[in-house]
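**Student:** So that we are looking at the same thing, I have put the structure below in structure tokens.
There are 2 protein chains.
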Amino acid sequence: MYYSPLMPAPSTKDRIITAAQELFGEQGYPATSLREITARADVNLAAVNYHFGSKENLLHEIVRHCLKPLNEERMRGLDQLEIASRESGTPLALRDVIHAFLEPAVRLFSSTIKEALPCMMARLHHELTPGLEDLMNQIISPVVARFVASVQLTLPEHKPKEIILRGHFMMGSLLHLMDTSPDFMYKLSGGLVDLNDSEYLLDQLVDFCTAGFRNA
Amino acid sequence: MYYSPLMPAPSTKDRIITAAQELFGEQGYPATSLREITARADVNLAAVNYHFGSKENLLHEIVRHCLKPLNEERMRGLDQLEIASRESGTPLALRDVIHAFLEPAVRLFSSTIKEALPCMMARLHHELTPGLEDLMNQIISPVVARFVASVQLTLPEHKPKEIILRGHFMMGSLLHLMDTSPDFMYKLSGGLVDLNDSEYLLDQLVDFCTAGFRNA
DNA sequence: GTCTATACTCCGATAGAC
DNA sequence: GTCTATCGGAGTATAGAC
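Residue numbers (the numbering used here), protein chains in the order written: chain A, 1121 to 1336; chain B, 1121 to 1336.
Here it is as structure tokens:
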């Protein structure tokens, strides 16, 4: 790798973020030490506390940084669906709405950084310290509201309460999927289910959730 | 509390298990220190390593101890459903099968020890060290196999692969539900969804999953 | 067999020199 | 901004008391 004025060498802060992202994803947040992170990033131990204040604050910054583009893409997808529906005069399809919510996450899950980022995000939902809980709520709330509104358009007779709860079920399925190692699923299914086949997974998950939303 | 020959005072080992169960549920496994556990159990710090070998081994023992009765109850429920179906000549109903799998877990979730045990079990799925992964696989494999077989009876045209994957989705929804604090859901839903209403939750979850299984 | 006291290593965090 | 030194607390191991 060569660096230039156009492609500068990563700063200390960026190197820390990159290393932490990888290690949190591989081992989880609590099991990863600052000494591992700073060793991989080739920076001094104290640099983390200087740039981020604490280990937990480093995590928060990474979460914000990762979830923002994902949720923006979800928003764009839902916008486009509603625009296309209005222009063509065809009603919004429930399956498309659910696909627009799940597809960006599953694609991220199956990307080259699979080992790190998405697993980390899935685990975060289950390592919620009080501070993280507020952060997640703040990040996810607008997307959930936007998603629920779109689903409501396709299921006008459903109560908002039911749609929100089913959205929570859907999120659970997605997170559990992202947090399960292919090896574990291989053993559990006797070799039948391959978690690396993300196209199939997305298709099945969208089917499952669409049917689940419809029946209420 | 009075102790007698019939109701002996809890042993050191039992006091450790009780204290650890509570604390793991309240704070999660990694955030709980052995010093907290031994202080609450009023035993010496070294007693944990003497009786269990390590902190992780203590966790494994607790997991085994908690999941065994839950899974046995699931097995009994599925057995009874199949017996009743055979005796009455009515075909097995998919919704009943799913209910038999989910109900014991949701009931445990809503019991008095809600603050501790079920949250801990849900979190465990996302704090999988290699050793824990093997243990979980060993514990839930027979129940999954039993459940998949029952579902297959009600949906003979579905591929086993699809049933297993949908079972995984269902498990994700259940675990996410058990691991979400009522406060978090209250904020996220604008006060609409109350996670303390476990009867409603079970009903909705069973509906969601039944519809999801059927459509494949 | 049980339990205790204690020590060892590693962790996150911080103060202060440069 | 960066580095060294150091702190209190974590999990663990073990020698020895009962």
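For glycine and all other residues, C-beta sits at the position ideal for the given N, C-alpha and C.
1) Output the distance between the C-alpha atoms of ASN1164(A) and THR1158(A), rounded to the nearest integer angstrom.
2) Just to confirm my understanding: we take ALA1336(B), look at its own chain, exclude 5 residues before and 5 after, and list those with CB closer than 6 angstroms. What are they?
3) Would you mind reading off the limits of the alpha helix (DSSP H) that contains TYR1306(B)?
4) Is it buried or exposed for ARG1196(B), if we count other Cβ within 10 angstroms and need 16 for buried?
5) Under a three-way DSSP split, which group does LEU1212(A) fall into?
6) Below 8 angstroms, can you find three or more Cβ-Cβ pairs linking the stretch 1241-1252 of chain A to the stretch 1140-1150 of chain A?
7) Cutting at 8 angstroms between CB atoms, please list the residues of its own chain near THR1138(B), excluding the five before and the five after it.
8) For a cutoff of 7 angstroms on Cβ pairs, would you count PRO1150(A) as touching chain B?
9) Determine, using beta-carbon pairs with one atom in the stretch 1256-1276 of chain B and one in the stretch 1174-1193 of chain B, whether at least three such pairs fall under 8 angstroms.
10) Under 7 angstroms, Cβ to Cβ, is there at least one residue of chain A near ARG1266(B)?
11) May I ask which residues mark the beginning and end of the alpha helix (DSSP H) holding THR1274(B)?
12) At the level of alpha carbons, what is the spacing between PRO1276(B) and TYR1149(B)?
13) Is the stretch 1313-1332 of chain B close to the stretch 1325-1333 of chain A, with three or more CB pairs under 8 angstroms?
14) Please confirm if ASP1317(A) has its CB atom under 7 angstroms from at least one CB of chain B.
15) Does HIS1338(A) come within less than 7 angstroms of chain B when only Cβ atoms are used?
16) Can you find the residues in the same chain that come closer than 8 angstroms, C-beta to C-beta, to LEU1212(B), ignoring five residues on each side of it along the sequence?
17) Kindly say whether HIS1171(B), judged by its beta-carbon, lies nearer than 7 angstroms to any beta-carbon of chain A.
18) Along chain A, in chain order, which residues have C-beta atoms closer than 9 angstroms to that of ASP1323(B)?
19) Tell whether a beta-carbon distance below 7 angstroms holds between ALA1343(B) and LEU1294(B).
20) CA-CA distance, SER1230(A) and SER1318(A)?
21) So, does the CB of VAL1313(B) fall closer than 7 angstroms to a CB anywhere in chain A?
22) Please classify MET1127(A) as buried or exposed, where buried requires at least 16 other C-beta atoms within 10 Å of its C-beta.
23) Quick one: which chain A residues come within Cβ less than 7 angstroms of PRO1280(B)?
24) First and last residue of the alpha helix (DSSP H) that includes ALA1331(A)?
25) Using only alpha-carbon positions, find the residue among MET1290(B), VAL1183(B), SER1309(B) and ILE1284(B) that is nearest to GLN1258(A).
26) Taking Cβ-Cβ distances shorter than 7 angstroms, what residues in chain A pair up with LYS1307(B)?
27) For the alpha helix (DSSP H) containing LEU1154(B), list its first residue and its last residue.
28) Does the Cβ of ASP1134(A) have 16 or more other Cβ atoms within 10 Å, making it buried, or fewer, making it exposed?
29) Could you tell me how far apart the beta carbons of PHE1289(A) and LEU1325(B) are, in whole angstroms, since I believe they sit closer than 8 angstroms?
30) Check whether the Cβ atoms of VAL1313(A) and ILE1218(B) lie closer than 7 angstroms to each other.
31) Which residue wins for smallest C-alpha separation from GLU1247(A), given the options ALA1167(A), GLU1156(A), HIS1180(A) and ASP1327(A)?
32) Taking only beta-carbon positions, decide if SER1293(A) is within less than 7 angstroms of chain B.
33) Which same chain residues, not among the five before or five after GLY1251(B), have their C-beta less than 8 angstroms away from its C-beta?
34) Determine the direct distance from the alpha carbon of ASN1169(A) to that of SER1132(A), and round the result to whole angstroms.
35) Taking Cβ-Cβ distances shorter than 7 angstroms, what residues in chain A pair up with LEU1285(B)?
36) GLY1148(B) by DSSP, collapsed to three states: which one?
**Tutor:** From the atom records:
1) The residue given as residue 1164(A) occupies position 44 in the first sequence. The residue given as residue 1158(A) occupies position 38 in the first sequence. Taking the straight line from one Cα to the other gives about 6 angstroms.
2) Indexing the second sequence from 1 puts residue 1336(B) at position 216. If we look at ALA1336(B) and ignore the five residues flanking it on each side, its Cβ neighbours are HIS1278 and GLU1282.
3) On the second sequence, residue 1306(B) is found 186 positions in, with the first residue counted as 1. It spans 1302-1308 - the alpha helix (DSSP H) in which TYR1306(B) sits, taken as one unbroken run.
4) Numbered from 1 along the second sequence, position 76 holds the residue referred to as residue 1196(B). Label assigned to ARG1196(B): exposed.
5) Within the first sequence, the letter at position 92 stands for residue 1212(A). LEU1212(A): coil per DSSP, three-state reduction.
6) yes
7) Indexing the second sequence from 1 puts residue 1138(B) at position 18. So the qualifying residues of the chain are PRO1130 and ALA1161.
8) Here residue 1150(A) refers to the residue found at position 30 when the first sequence is read from its first residue. With 7 angstroms as the cut-off, PRO1150(A) counts as an interface residue toward chain B.
9) yes
10) By 1-based counting over the second sequence, the position of residue 1266(B) is 146. With 7 angstroms as the cut-off, ARG1266(B) does not count as an interface residue toward chain A.
11) In the second sequence, residue 1274(B) corresponds to position 154, counting from 1. Start and end: 1250-1274.
12) Stepping through the second sequence from its first residue, residue 1276(B) is reached at position 156. Stepping through the second sequence from its first residue, residue 1149(B) is reached at position 29. Rounded to the nearest angstrom, the two C-alpha atoms are 41 angstroms apart.
13) yes
14) Locating residue 1317(A) in the first sequence gives position 197, counting from the first residue. For ASP1317(A), the answer is no, since every Cβ of chain B falls outside 7 angstroms of its Cβ.
15) Outside the displayed range of chain A (1121 to 1336) lies residue 1338(A), so it cannot be described from this structure.
16) Working through the second sequence from its first residue, we reach residue 1212(B) at position 92. For LEU1212(B), where only same-chain residues beyond five positions count, the Cβ hits under 8 angstroms are LEU1201, GLU1202, SER1205, SER1270, LEU1273 and THR1274.
17) Start at 1 with the first residue of the second sequence, and residue 1171(B) comes out as number 51. Chain A contact via Cβ: absent.
18) As a working mapping, residue 1323(B) is identified with position 203 in the second sequence. Within chain A, no residue comes near ASP1323(B); the closest Cβ sits about 10 angstroms away, beyond 9 angstroms.
19) Residue 1343(B) cannot be examined here, being either before or after the span of chain B that is shown, 1121 to 1336.
20) Taking the first sequence and counting its residues from 1, the one referred to as residue 1230(A) is at position 110. Taking the first sequence and counting its residues from 1, the one referred to as residue 1318(A) is at position 198. In a straight line, the C-alpha of SER1230(A) is about 6 angstroms away from that of SER1318(A).
21) As a first step, residue 1313(B) is located in the second sequence; it is residue number 193 there, counting from the start. Interface residue, yes.
22) Position 7 of the first sequence, counted from the first residue, corresponds to residue 1127(A). Under this definition MET1127(A) is an exposed residue.
23) Residue mapping note: residue 1280(B) aligns to position 160 of the second sequence, counting from 1. In chain order: LEU1312.
24) Sequence index remark: in the first sequence, residue 1331(A) carries index 211 (1-based). Note, ALA1331(A): alpha helix (DSSP H), 1318-1334.
25) Residue 1258(A) sits at position 138 when you count from the first residue of the first sequence. Here the closest residue by C-alpha is SER1309(B).
26) Looking up residue 1307(B) in the second sequence gives position 187. ASN1257, listed in chain order.
27) The residue labelled residue 1154(B) in the question sits at position 34 within the second sequence. That run of the alpha helix (DSSP H) goes 1154-1161.
28) To locate residue 1134(A), count along the first sequence from 1; it is residue 14. With fewer than 16 Cβ atoms within 10 Å of its Cβ, ASP1134(A) is classed as exposed.
29) In the first sequence, residue 1289(A) corresponds to position 169, counting from 1. In the second sequence, residue 1325(B) corresponds to position 205, counting from 1. Confirmed, about 6 angstroms.
30) One-based indexing of the first sequence puts residue 1313(A) at position 193. One-based indexing of the second sequence puts residue 1218(B) at position 98. Cβ atoms of VAL1313(A) and ILE1218(B): not closer than 7 angstroms.
31) Start at 1 with the first residue of the first sequence, and residue 1247(A) comes out as number 127. Looking at the Cα atoms, HIS1180(A) is the closest of the given residues.
32) In the first sequence, counting from the first residue as 1, residue 1293(A) sits at position 173. It does; some Cβ of chain B falls within 7 angstroms.
33) Start at 1 with the first residue of the second sequence, and residue 1251(B) comes out as number 131. Excluding sequence neighbours, GLY1251(B) sits near GLU1176 and HIS1180.
34) The count along the first sequence starts at 1 and reaches residue 1132(A) at position 12. The count along the first sequence starts at 1 and reaches residue 1169(A) at position 49. Correcting the residue type first, residue 1132(A) is Thr in the shown sequence and not Ser. So the two alpha carbons sit approximately 12 angstroms from each other.
35) Numbered from 1 along the second sequence, position 165 holds the residue referred to as residue 1285(B). Within 7 angstroms Cβ-Cβ: VAL1313 and GLN1324.
36) By 1-based counting over the second sequence, the position of residue 1148(B) is 28. GLY1148(B) falls in the coil class under three-state DSSP.
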